[in-house]
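Residue numbers (the numbering used here), protein chains in the order written: chain W, -8 to 139; chain C, -8 to 139; chain B, -8 to 139; chain A, -8 to 139. Don't be surprised by glycine CBs; every beta carbon is placed ideally from N, CA and C.
There are 4 protein chains.
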Amino acid sequence: MPFTYNRSVRFQDTDAAGVVYFTNILGICHEAYEESLEAAGIDLKAFFSNPAMAFPIVHANVDFLRPIFCGDKLLVNLMPQKLSGEKFEIAYEISLADVLVAKAITRHVCIDVSSRSKQELPSEIINWLEMNRRDAEEAERRKARETM
Amino acid sequence: MPFTYNRSVRFQDTDAAGVVYFTNILGICHEAYEESLEAAGIDLKAFFSNPAMAFPIVHANVDFLRPIFCGDKLLVNLMPQKLSGEKFEIAYEISLADVLVAKAITRHVCIDVSSRSKQELPSEIINWLEMNRRDAEEAERRKARETM
Amino acid sequence: MPFTYNRSVRFQDTDAAGVVYFTNILGICHEAYEESLEAAGIDLKAFFSNPAMAFPIVHANVDFLRPIFCGDKLLVNLMPQKLSGEKFEIAYEISLADVLVAKAITRHVCIDVSSRSKQELPSEIINWLEMNRRDAEEAERRKARETM
Amino acid sequence: MPFTYNRSVRFQDTDAAGVVYFTNILGICHEAYEESLEAAGIDLKAFFSNPAMAFPIVHANVDFLRPIFCGDKLLVNLMPQKLSGEKFEIAYEISLADVLVAKAITRHVCIDVSSRSKQELPSEIINWLEMNRRDAEEAERRKARETM
């Protein structure tokens, strides 16, 4: 199974139009990323404030398929993928009661914080990528078998 | 036991000083309030976008006792109290590994949305107040017995 | 000249990595959109909480070219474009001291709020699109002449 | 005149109840603080990510007197005051068309970041306090004369 994250939509996530403010869905995706890092044994405080190495997002996109309301119980599926020695991408599927309500992607590059030049992904991220990749592939195979 | 809410500190909650941005602790308290309403059977979407009745916050305060970092596993205790026929207050204690890290209060008034005049608290809020009050009192008594 | 919006980066926009949290750049773009609507004589309160008509974002994307820090004086250029009778798109260029630091797009669809079905863009949005389109085209022509 | 900060209420500041989400008023107050520091010649990036010295907020409170809507043009008055050698407090008055809509206070303590122990306020903050104090006192005297 790919990594999944459960998240209730909060009042703070909404705006005066009565639905989730668009950028907050990307924030919820980032929470799923944080949870999956932690599930792989990574210390979040050290990871996100490491003075030597960072993984800034260089691209993000999101598609909204249905309105999302306060109290909605979202399920976020996270599927990361290595793009190169220094880059990875995460695809997210956000669903509500088995209906897809949004999809998103974040692309991350590993950098040296002081020079801000690219550097090789460290082993902890390689492990996390492999762990989640394998889980996603198994889920794909299972789904393929079920639909045969 | 008073109502408790578990909340991991997210990267988004932090600022460039490396700790949680101060207003986000109040936002986390509001999440605890939402969870406790839901635990009392209240539909959050209907409650927070009711065109007839609302419960705006008229006062809030917060004290910070320790710095709070990304990844910290916070526990929020929530203790609501009726102040008058139209008002209630919630006290929050935020702790980390049994150490109190912040305390907060929000004060809410029940209003008619169109006129914005005060009105009596509805039965669902009275029930929620009684439910949580009783739980908090029991916890107090238990604590008193234990320290005897 | 295309519509431009000046925005100082706030402490609240940053995260523990010391730079702007990625979703906040999209929020800053939305502020530019709000300012441009207001500059076209649109009342923001009525526009964004109209119970009959809304313009939800169905797609957004953002590319980050440079890190952005607290106190940075951003300039946001906004270039909207009609996509169909019910849809428009806004392209944003975010620069700092004449250097492009980020680019973004938001795509909006006009809906009837209760049925959530698509409907024709109203005249106030058509006017706003034409006003900003003409300005952007003039800027393009001027730039072309200058580089001849 | 005390330092004043002009701020339009953004769509992002609102929630599904159609008004400003309560914590965002404190965030707007913090923006006024940032602007006043900058007006006193303080570099915000260096100030807020100084690895040696920080000014965390140890207490904040806010009172809401009127609902605040998207598009509202707020004026924030900022009045800082030294509390001790290591502490200062800022009082904020938020008004809309000369009507007070909210009031807030933030209390800050100067600390050594690594030990998190209190330390003396640096000269740049002493200067900023004196500059804003004098301005606030003059405004008080002027107001007193006008009402005589």
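Check: Rounded to whole angstroms, what's the CA-CA distance from Ile48 (chain C) to Asp4 (chain W)? Just pull it up for me.; Outcome: 17 Å
Check: Applying a beta-carbon distance threshold of less than 9 Å, which residues of chain C neighbour Cys61 (chain B)?; Outcome: Asp6 and Ala7
Check: Give the straight-line distance between the Cα atoms of Leu74 (chain C) and Leu112 (chain W), rounded to the nearest whole angstrom.; Outcome: 56 Å
Check: Against chain A, does Phe2 (chain W) count as a neighbour if the rule is that its beta carbon must be under 7 Å from one of theirs?; Outcome: yes
Check: When you compare only the Cα positions, how much space is there between Tyr12 (chain B) and Ser108 (chain C)?; Outcome: 39 Å
Check: Where does Glu84 (chain B) fall in DSSP's three states?; Outcome: strand
Check: Which same chain residues end up closer than 7 Å to Ala31 (chain B) when comparing Cβ atoms and leaving out the 5 residues on each side of it in sequence?; Outcome: Asn118, Trp119 and Met122
Check: Which same chain residues, not among the five before or five after Cys20 (chain A), have their C-beta less than 7 Å away from its C-beta?; Outcome: Val67, Tyr83, Ala95 and Thr97
Check: Does the beta-carbon distance from Glu77 (chain W) to Cys101 (chain W) come in below 7 Å?; Outcome: yes
Check: Return the residue from the list A:Ala37, A:Ala51 and A:Glu29 that minimises the CA-CA distance to Ala45 (chain A).; Outcome: A:Ala37
Check: With distances taken Cα to Cα, identify the nearest neighbour of Ala7 (chain B) among C:Ile59, C:Leu35, C:Glu25 and C:Ile16.; Outcome: C:Ile59
Check: For a test of the three-state rule: what should DSSP assign to Arg(-2) (chain W), helix, strand or coil?; Outcome: strand
Check: So, at 8 Å on beta carbons, what are the nonlocal neighbours of Val10 (chain C) in its own chain, with the 5 sequence-adjacent residues on each side left out?; Outcome: Pro58, Ile59 and Phe60
Check: Taking only runs that begin and end inside the stretch 30 to 112 of chain W, name each unbroken alpha helix (DSSP H) of 4 or more residues, in chain order.; Outcome: 35 to 39
Check: Closest to Leu87 (chain W) by C-alpha separation, out of W:Ser105, W:Leu56 and W:Ser27, would be which residue?; Outcome: W:Leu56
Check: Compare the Cα-Cα distances from Asp126 (chain A) to each of A:Ile33, A:Gly62, A:Pro71 and A:Val92 and report the closest residue.; Outcome: A:Pro71
Check: By Cβ distance below 6 Å, which residues in the same chain neighbour Asp103 (chain A) in space, the five residues on each side in sequence not counted?; Outcome: Gln110
Check: To the nearest angstrom, report how far apart Ser27 (chain B) and Ala23 (chain W) are at their CA atoms.; Outcome: 34 Å
Check: Expressed to the nearest angstrom, what Euclidean distance is found between the alpha-carbon atoms of Ala42 (chain C) and Ser105 (chain C)?; Outcome: According to the sequence displayed, residue 42 (chain C) carries Pro and not Ala. Their backbone Cα atoms lie some 8 Å apart in a straight line.
Check: Show which residues of chain C have a CB atom less than 7 Å away from the CB atom of Thr14 (chain A).; Outcome: Thr14, Leu17 and Gly18
Check: Let me make sure I understand the geometry here. Which of W:Gly18, W:Arg124, W:Ile16 and W:Ala51 has the alpha-carbon closest to that of His99 (chain W)?; Outcome: W:Ala51
Check: Who does Val11 (chain W) pair with in a DSSP beta bridge?; Outcome: W:Thr5
Check: Taking C-beta pairs closer than 7 Å, name the residues in chain A that Leu35 (chain B) reaches, listed in chain order.; Outcome: Cys61 and Gly62
Check: Nearest to Phe39 (chain C) by CA position, among W:Arg133, W:Ile85, W:Arg1 and W:Glu137, is which residue?; Outcome: W:Arg1
Check: Can you list the residues of chain A that Ile48 (chain C) reaches, using a CB-CB cut of under 8 Å?; Outcome: Phe13 and Phe55
Check: Measure from the C-beta of Glu115 (chain W) to each C-beta in chain C and report whether the shortest distance is under 7 Å.; Outcome: no
Check: Leaving aside the five residues before and after Leu35 (chain C) along the sequence, list all residues of the same chain whose C-beta is less than 8 Å from its C-beta, in chain order.; Outcome: Glu25, Leu28 and Glu29
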